[in-house]
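To start, the structure itself, in structure tokens.
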Amino acid sequence: MRTVFVINGPNLNLLGTREPGVYGSLTLADIGRRLKTKAETLGIALEFRQSNHEGDLVDWIQEAGQAGAGVVLNAGAYTHTSIALRDAIAGSGAVTVEVHISNVHAREPFRHRSMIAPVCAGVICGFGAAGYELALDGLAGLAEK
Ligand code: CA2
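The numbering of the sequence shown is our numbering, which starts it at 482 and goes up by one.
As structure tokens, this is what we get:
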């Protein structure tokens, strides 16, 4: 796996501006910069994207699948609602790791359910922004198998 798409969903563009107690103080751009540095050490090219629109996320998952790329996906609130994202992951064949900055299982009950987890290779949550790096390591490990 030479390329990984890191796809961020709705409201994650607000990171670092509010709710630092839940999501930390890094901005999404900060996370992207850190992750690019890590990806270089792993020999992986990174596509780092964010959209507030479900259809964009579907398009990008399909694009990753067509390119034979892996996906690190923080689908934000769409995690808990989106059959379209689940179908995109399953249908595209893109090996996908679900990531959440917060521990969704320690939060409101509606965040405990993930529509996408059953079609993902793994799930990481509760480690803050470091979760993205853990997911990249996980994908790299799966690609070596
Ligand atoms: O913990 C995560 O990474 C989440 O995916 C974040 C989503 C939430 O709906 C998921 O349940 C868990 C929300 C992202 C909103 O991010 C904000 C950041 C700063 C200020 C306001 C929202």
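Note that beta-carbon positions come from the ideal geometry of N, C-alpha and C, so glycine has one too.
To the nearest angstrom, how far is the alpha carbon of residue i from that of residue j?
i	j	result
Thr518	Ala526	10 Å
Asp537	Leu495	18 Å
Ala571	Gly557	18 Å
Gly607	Ile512	15 Å
Val552	His561	18 Å
Ala587	Val503	11 Å
Asn533	Ala624	29 Å
Thr484	Glu500	31 Å
Lys626	Val600	19 Å
Asp568	Asp540	12 Å
Tell me the DSSP bridge mates of residue i?
i	result
Thr577	Val552
Ala610	Paired residue(s): none; Ala610 is not in a bridge.
Glu528	Phe486
Val604	Glu579
Would you say residue i touches ligand 1, meaning its beta carbon is less than 7 Å from a heavy atom?
i	result
Arg567	no
Arg514	no
His534	no
> Taking only runs of the alpha helix (DSSP H) that begin and end inside the segment 494-546, which ones reach a length of at least 4 residues, in chain order?
Replying inline: 501-504, 509-523
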